[in-house]
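For the sequence shown, the positions run 182 to 274 when my numbering is used. We put the CB at the ideal spot given by N, CA and C, even for glycine.
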Amino acid sequence: LSGALQDHDRAVVMGRKTYGKGLIQQLDRLSGGTVLKYTAGKYFTPSGRCIQSKVYKGAGTGQSGTTAKVIGEADRRLFYTDSGRPVRDAGGI
182 LSGALQDHDR
192 AVVMGRKTYG
202 KGLIQQLDRL
212 SGGTVLKYTA
222 GKYFTPSGRC
232 IQSKVYKGAG
242 TGQSGTTAKV
252 IGEADRRLFY
262 TDSGRPVRDA
272 GGI
């Protein structure tokens with residue numbers, strides 16, 4: 182909701198930046214008692230900004246888990262609100 186208000190210049194969002202969790206994850210049980218966790222979708226604001234602030238990568242062959250890396254400022258895309266105010270994606274709201 183706050184992303185829509187921000188994109189359409191209906192409110193000024195104040196306070197601390199959100200965590201930036203914009204992934205929809207799914208868990209599927211597999212045979213042998215293992216579980217497959219995968220990203221099934223992402224959250225976007227009306228302007229097309231994704232609020233997800235981290236990129237996840239598998240730990241590697243033969244290892245379990247993932248590592249997370251914060252998306253750097255140079256990799257955040259620029260969008261504009263209805264009145265032309267610049268806002269960036271990949272950093273929460």
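DSSP three-state assignment for residue i, whether helix, strand or coil
i, result
"L182", "coil"
"G253", "coil"
"D209", "strand"
"G201", "coil"
"G265", "coil"
"G214", "helix"
Identity of the residue in the options nearest residue i by Cα
i, options, result
"K202", "G265, G229 and F225", "F225"
"R197", "L208, R191 and S183", "S183"
"H189", "G272, F260 and A271", "F260"
"I205", "G265, K235 and A221", "A221"
"V236", "R191, T248, V193 and P227", "T248"
Beta carbon of residue i nearer than 9 Å to that of residue j
i, j, result
"D263", "C231", "no"
"A192", "P227", "no"
"Q187", "V251", "no"
**Touching by the beta-carbon criterion (3+ pairs, under 8 Å), the stretch 199 to 216 and the stretch 255 to 263** = no
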